[in-house]
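Protein chains: 2
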Amino acid sequence: MASGRKVGSEESGLRIHQTIARDLGTAILTGRYQPGELFEGEIEASDRLGVSRTAYREAVRILIAKGMLESRPKAGTRVLPRNRWNVLDPEMLAWMFAGEPDSRFIRDLFELRGVIEPAAAEFAARRRTDEQLAVMETALDDMGRYGLSTPEGRAADQRFHNMILAATRNDALEALASSVGAAVSWTTTFKHRKKLLPRDPLPDHRAVFQAIAARDTAAARAGMAELLRLALADMDIALVEPNGEG
Amino acid sequence: MASGRKVGSEESGLRIHQTIARDLGTAILTGRYQPGELFEGEIEASDRLGVSRTAYREAVRILIAKGMLESRPKAGTRVLPRNRWNVLDPEMLAWMFAGEPDSRFIRDLFELRGVIEPAAAEFAARRRTDEQLAVMETALDDMGRYGLSTPEGRAADQRFHNMILAATRNDALEALASSVGAAVSWTTTFKHRKKLLPRDPLPDHRAVFQAIAARDTAAARAGMAELLRLALADMDIALVEPNGEG
DNA sequence: CCTCCTGATATACTCAGACAAATAGGAATT
DNA sequence: AATTCCTATTTGTCTGAGTATATCAGGAGG
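Residue numbers (the working numbering), protein chains in the order written: chain L, 1 to 246; chain D, 1001 to 1246.
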């Protein structure tokens, strides 16, 4: 047992294959490996990283499952083109936002959210149950009580949006929006890290809630769109797109 | 070396861990394993399947990467709740549609597509380049030449929609819509398996194309919405939702 | 000169068995 | 009853060997 060395840095509860997957994943996301680029062999790679081939291979399996890699005997392991990546995968989003996320992709996510959530609000207005409505209301109350600058307040905000998604009764929409919402909430954390929020978000949320309560689909859609528009306006990243909405 | 038996059925080029992942994945998707249910231990499972623990573990890693499983020492490996699954993962969609897909989820996918693609058409109308427009046109020509009942025609249809997505200049939207689009095309195959298409889809496509060419965002959105509405009307699954659009 | 086969070879894939690490759950203690 | 500690169980990691497969070079045939 001569070499009982650690990999390099003491990671939290993560297993080795998870840290390798995360490291390789972020390396690919940040462009340190280009699409089409060939990886070194398993033996060399695992040796260089100071881990067993087993752990390295399991890491590669994870990245293959996320559409980032491809591996075949004799051909080796190479990075797939970007359009094959599952960029909406929650773990991948977490990797992106752990580092310095690409502002262009953040814009993409907000844009996608702007497409998804108003539609979700509309479906929710049509299909919500009274129980779901009640959960939304208490979440909104909590949000007002604690404010968005506290963890409790943000959790309440999450609950509110999640319940809207659940009320859509659309699993696909729900899965998607929860991923995007989580990613966007990372940026919200960024926002609050720099400056405290300048605006009270409660009225927008209440308007959406009222519309859903009244089963007013058009108002729900419009209210959510307005909410997102205001939220986006609070952020600095609005500037990446030179041309406005027109 | 007493038992050199094969796993059971001769799979095509798939590796062992891939087939195990697919089998377990479909078993979970079809409800043969319920959320929260505990798997048997790795040794028992790999032994029962007649494969090595390595291969079984790599399969489990894949399913964990897709949000279907969770495993911790001493606690075992268990199925995660449905809302944790990455149901938009292309591979998962393929697994679903390989068997008898849940009609409720198909409805969800169509609904999601109805949200995504009109928005994508709108973005495409605003941001498309002339080159992208040219590709759309040739795709449309091919589609007209071969018809949707031929593989070439369907490929052209795919190219048309994919180019719209590329023209949105939104990676997140593109990744999402390509997954959903692929899944929906499986159902299109289903449709044509039963009955040949009763309607000429070309006019709808041309309308969308014209709008994108003219950079008419509203018309592009409306045209795409209409296209999807008609496509959905062709399918049998419209009946799952008793209440119409209103 | 090109196409098709054929085999050598590099690479990932699979296997078996051992050991390590972590943690859930119970036992002992306060 | 709450807390601490122990232990047994399960996943995690390692090693080294052997297998399968696809690429690539080189030759046979057109």
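Backbone N, C-alpha and C fix where the C-beta goes; we use that ideal spot for every residue, glycine too. It should be emphasised that the depicted structure is a prediction, and the values quoted were computed from it without experimental measurement.
- Message: Give me the chain L residues within the contact set of I1062 (chain D), using Cβ-Cβ distance strictly less than 8 angstroms, ordered along the chain.
- Response: The residue labelled residue 1062 (chain D) in the question sits at position 62 within the second sequence. Result: R61, I62, I64 and A65.
- Rounded separation between S3 (chain L) and L14 (chain L) - CA only: Residue mapping note: residue 3 (chain L) aligns to position 3 of the first sequence, counting from 1. Residue mapping note: residue 14 (chain L) aligns to position 14 of the first sequence, counting from 1. No answer about S3 (chain L) holds up, because its pLDDT of 34 lies below 50 and its placement is not dependable.
- Any residues in the stretch 107-130 of chain L with a beta carbon nearer than 7 angstroms to a beta carbon of chain D? Which ones, in chain order? D108, L109, E111, L112, V115, I116 and A119
- Can you give the Cα-Cα distance for E1111 (chain D) and P81 (chain L), rounded to whole angstroms? Taking the first residue of the second sequence as 1, we reach residue 1111 (chain D) at position 111. Taking the first residue of the first sequence as 1, we reach residue 81 (chain L) at position 81. One C-alpha to the other measures close to 28 angstroms.
- When the Cα of G147 (chain L) is compared with those of L:H205, L:A125 and L:M163, which residue comes out closest? Start at 1 with the first residue of the first sequence, and residue 147 (chain L) comes out as number 147. For the residues L:H205, L:A125 and L:M163, the minimum Cα distance to G147 (chain L) belongs to L:H205.
- Report the option in D:R1022, D:R1159, D:R1113 and D:T1077 whose CA atom is closest to the CA atom of E1044 (chain D). Residue mapping note: residue 1044 (chain D) aligns to position 44 of the second sequence, counting from 1. Comparing Cα-Cα distances from E1044 (chain D) to each of D:R1022, D:R1159, D:R1113 and D:T1077, the minimum goes to D:T1077.
- Item | Same chain, Cβ closer than 7 angstroms to Y33 (chain L), neighbours up to 5 away in sequence not counted | Here residue 33 (chain L) corresponds to residue number 33 of the first sequence, with the count starting at 1. Excluding residues within five positions, the ones whose Cβ falls inside 7 angstroms are A27 and V79.
- Range of the contiguous beta strand (DSSP E) that encloses G153 (chain L): As a working mapping, residue 153 (chain L) is identified with position 153 in the first sequence. Taken as a continuous stretch (DSSP letters only), G153 (chain L) belongs to no beta strand (DSSP E), being part of the alpha helix (DSSP H) at P151 to A167.
- Message: Given this structure, state the Cα-to-Cα distance separating G181 (chain L) from Q18 (chain L), to the nearest angstrom.
- Response: For this step, residue 181 (chain L) is matched to residue 181 along the first sequence. For this step, residue 18 (chain L) is matched to residue 18 along the first sequence. So the alpha carbons of these two residues sit roughly 24 angstroms apart.
- S52 (chain L) classed as buried or exposed, judged by whether at least 16 other C-beta atoms fall within 10 angstroms: Residue 52 (chain L) sits at position 52 when you count from the first residue of the first sequence. Exposed.
- Task: Please go through the same chain and pick out, in chain order, the residues whose beta-carbon is closer than 6 angstroms to the beta-carbon of M163 (chain L), but skip the five residues on each side of it.
- Result: Position 163 of the first sequence, counting from 1, holds the residue named residue 163 (chain L). Within the same chain, M163 (chain L) has close Cβ partners Q132, V135 and M136.
- Query: What's the gap between the Cα of P90 (chain L) and the Cα of A219 (chain L)?
  - Reply: Within the first sequence, the letter at position 90 stands for residue 90 (chain L). Within the first sequence, the letter at position 219 stands for residue 219 (chain L). P90 (chain L) and A219 (chain L): Cα-Cα distance of roughly 30 angstroms.
- Query: Does the beta-carbon of A1098 (chain D) have 16 or more other beta-carbons within 10 angstroms, so that it is buried, or is it exposed?
  - Reply: Along the second sequence, read from residue 1 onward, the residue named residue 1098 (chain D) stands at position 98. So A1098 (chain D) ends up on the exposed side.
- Task: Just the C-alpha distance for G1223 (chain D) and L202 (chain L), rounded to the nearest angstrom, thanks.
- Result: Here residue 1223 (chain D) corresponds to residue number 223 of the second sequence, with the count starting at 1. Here residue 202 (chain L) corresponds to residue number 202 of the first sequence, with the count starting at 1. The C-alpha of G1223 (chain D) lies about 36 angstroms from the C-alpha of L202 (chain L).
- Message: For I64 (chain L) and E1042 (chain D), I'd like the C-alpha separation in whole angstroms.
- Response: To locate residue 64 (chain L), count along the first sequence from 1; it is residue 64. To locate residue 1042 (chain D), count along the second sequence from 1; it is residue 42. Those two C-alpha atoms are separated by around 22 angstroms.
- Item | chain D residues whose Cβ lies nearer than 8 angstroms to that of L173 (chain L) | Here the question's residue 173 (chain L) lines up with position 173 in the first sequence. Ordered by position in chain D, the residues that pass the 8 angstroms Cβ test against L173 (chain L) are D1108, E1111, L1112 and V1115.
- Query: What residues in its chain sit with their C-beta under 7 angstroms from that of E1122 (chain D), if we drop five residues either side in the sequence?
  - Reply: Numbered from 1 along the second sequence, position 122 holds the residue referred to as residue 1122 (chain D). These residues qualify, in order along the chain: T1217, A1220 and R1221.
- For S1149 (chain D), the nearest candidate out of D:S1185, D:D1171 and D:M1068 (CA to CA): Numbered from 1 along the second sequence, position 149 holds the residue referred to as residue 1149 (chain D). Nearest option by C-alpha distance: D:S1185.
- State the CB to CB distance for the pair A175 (chain L) and N1086 (chain D), rounded to an integer number of angstroms; the pair is presumed to be in contact (CB under 8 angstroms). One-based indexing of the first sequence puts residue 175 (chain L) at position 175. One-based indexing of the second sequence puts residue 1086 (chain D) at position 86. Indeed, because the Cβ distance is near 7 angstroms, the residues count as touching under 8 angstroms.
- Query: According to the Cβ coordinates, are R159 (chain L) and A139 (chain L) closer than 8 angstroms?
  - Reply: Stepping through the first sequence from its first residue, residue 159 (chain L) is reached at position 159. Stepping through the first sequence from its first residue, residue 139 (chain L) is reached at position 139. Yes, these two residues count as a Cβ contact at 8 angstroms.
- Less than 8 angstroms separating the beta-carbons of I1212 (chain D) and V115 (chain L)? Start at 1 with the first residue of the second sequence, and residue 1212 (chain D) comes out as number 212. Start at 1 with the first residue of the first sequence, and residue 115 (chain L) comes out as number 115. No; because the gap between Cβ atoms is not below 8 angstroms, this pair is not in contact.
- chain L within 8 angstroms of G1069 (chain D), Cβ atoms only: For the purposes of this step, residue 1069 (chain D) is taken as the residue at position 69 of the second sequence. The sequence as given places Leu at residue 1069 (chain D); Gly does not occur at that position. Against chain L, the CB of L1069 (chain D) has no partner CB under 8 angstroms away; the residue lies outside that interface.
- Can you list, in chain order, the residues of its chain whose CB lies under 7 angstroms from that of R84 (chain L), leaving out five sequence neighbours each side? Looking up residue 84 (chain L) in the first sequence gives position 84. Only G67 meet the Cβ criterion.
- Message: To test your reading of the DSSP string, which unbroken beta strand (DSSP E) runs of 3 or more residues are found completely within the stretch 1116-1152 of chain D?
- Response: none
- Query: Given a threshold of 16 other Cβ atoms within 10 Å of its Cβ, counted over all protein chains shown, does G50 (chain L) qualify as buried or as exposed?
  - Reply: Here the question's residue 50 (chain L) lines up with position 50 in the first sequence. Label assigned to G50 (chain L): exposed.
- Query: Is DSSP giving V87 (chain L) helix, strand or coil here?
  - Reply: The sequence position of residue 87 (chain L) within the first sequence is 87, counting from 1. Three-state result, V87 (chain L): coil.
- Task: Report yes or no: is there a C-beta of chain D within less than 8 angstroms of the C-beta of E58 (chain L)?
- Result: On the first sequence, residue 58 (chain L) is found 58 positions in, with the first residue counted as 1. E58 (chain L) counts as touching chain D.
- Query: Using DSSP with H/G/I as helix, E/B as strand and the rest coil, what is M1076 (chain D)?
  - Reply: Numbered from its first residue, the second sequence carries residue 1076 (chain D) at position 76. Checking the displayed sequence, the identity of residue 1076 (chain D) turns out to be Gly instead of Met. In this structure, G1076 (chain D) counts as strand in the three-state DSSP scheme.
- In the DSSP assignment, what residue or residues form a beta bridge with E1070 (chain D)? As a position in the second sequence, residue 1070 (chain D) is number 70, starting the count at 1. Paired residues: D:R1078.
- Selection from D:W1095, D:T1168 and D:P1101 that minimises the alpha carbon distance to R1127 (chain D): As a first step, residue 1127 (chain D) must be located in the second sequence, where it is residue number 127. Nearest of D:W1095, D:T1168 and D:P1101 to R1127 (chain D), Cα basis: D:T1168.
- Proximity test, Cβ basis, 8 angstroms: D1089 (chain D) and chain L: Position 89 of the second sequence, counted from the start, is the residue given in the question as residue 1089 (chain D). At least one chain L Cβ lies under 8 angstroms of D1089 (chain D).
- Which chain D residues sit within Cβ distance under 8 angstroms of L176 (chain L)? On the first sequence, position 176 is the one that residue 176 (chain L) refers to. Within 8 angstroms Cβ-Cβ: L1088, L1112 and L1176.
- Item | Opening and closing residue of the alpha helix (DSSP H) in which F249 (chain L) lies | Because residue 249 (chain L) is not part of the residues shown, which for chain L are 1 to 246, the question remains open.
- For T1014 (chain D), the three-state DSSP class (helix, strand or coil): If you number the second sequence from 1, residue 1014 (chain D) lands on position 14. Note that residue 1014 (chain D) is Leu in the sequence shown here, rather than Thr. Correct three-state label for L1014 (chain D): coil.
- Query: Short check: CB of R1061 (chain D) to CB of I62 (chain L), under 8 angstroms?
  - Reply: Within the second sequence, residue 1061 (chain D) is the residue found at index 61, counting from 1. Within the first sequence, residue 62 (chain L) is the residue found at index 62, counting from 1. Result yes, Cβ atoms of R1061 (chain D) and I62 (chain L) sit closer than 8 angstroms.
- Who pairs with L38 (chain L) in a beta bridge, going by DSSP? Position 38 of the first sequence, counted from the start, is the residue given in the question as residue 38 (chain L). The secondary-structure analysis by DSSP pairs L38 (chain L) across a beta bridge with L:R78.
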